[in-house]
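Per this note's numbering, the very first residue in the sequence shown carries number 2; after that it's consecutive.
Beta carbons are placed, not taken as given, at the ideal position from N, Cα and C, and that holds for glycine.
Working notes, beginning with the structure itself.
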Amino acid sequence: MASEFIVSAGLWQIDCSKLVSFFDHNHTGKHTNFTVEYLAGQYAYYASTSRDSVNKRTFKDELKFLKELGIVFDVNSALEHAIHFSKMLDNPSAKLIWL
């Protein structure tokens with residue numbers, strides 16, 4: 002059975018100038034998984050893909066960037082979500098559900 006991971010389509014289409022307003026909005030109405038930490042982890046993974054490598058260090062850098070913008074979230078939880086998302090994408094049987 003394939004593992005499922007819920008992905009925020011809106012987050013993957015947003016530019017940096019709109020990140021604060023995106024994270025200020027409560028997205029749990031769209032899906033209960035869409036906490037700030039969950040979405041910050043997805044952002045960290047996504048933003049890391051534009052770098053030379055995608056790993057825990059780049060996830061931490063991207064989460065630091067979100068913190069510097071003033072977005073409030075638990076960094077450790079968001080980091081765990083980023084790592085989990087990265088592992089999901091390495092799994093050929095993983096199923097992404099875009100909302």
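At the level of alpha carbons, what is the spacing between residue i and residue j?
i, j, result
"Gly-30", "Ala-83", "21 Å"
"Met-2", "Ile-15", "Only weak support is given to the placement of Met-2: the predicted model assigns it a pLDDT of 42, under 50, and the value that follows is read from those uncertain coordinates. Those two C-alpha atoms are separated by around 32 Å."
"Lys-61", "Ala-45", "8 Å"
"Leu-64", "Tyr-47", "11 Å"
"Met-89", "Ser-54", "17 Å"
"Leu-97", "Ser-9", "10 Å"
"Ser-22", "Ile-7", "21 Å"
Along the chain, where does the alpha helix (DSSP H) that runs through residue i open and close?
i, result
"Ile-84", "76-91"
"Lys-65", "57-69"
"Leu-97", "No alpha helix (DSSP H) contains Leu-97, which is instead part of the beta strand (DSSP E) from 96-99."
"Val-37", "37-49"
"Asp-25", "20-25"
"Gly-11", "10-13"
Of all the options the options, which has the alpha carbon lying nearest to the alpha carbon of residue i?
i, options, result
"Ser-78", "Thr-36, Ser-18, Ile-7", "Thr-36"
"Glu-38", "Phe-74, Leu-12, Ala-10, Lys-96", "Phe-74"
"Phe-66", "Ala-10, Asn-34, Leu-80", "Leu-80"
"Trp-99", "Ser-22, Cys-17, His-32", "His-32"
"Gly-42", "Lys-68, Lys-19, Asp-53, Ser-22", "Lys-68"
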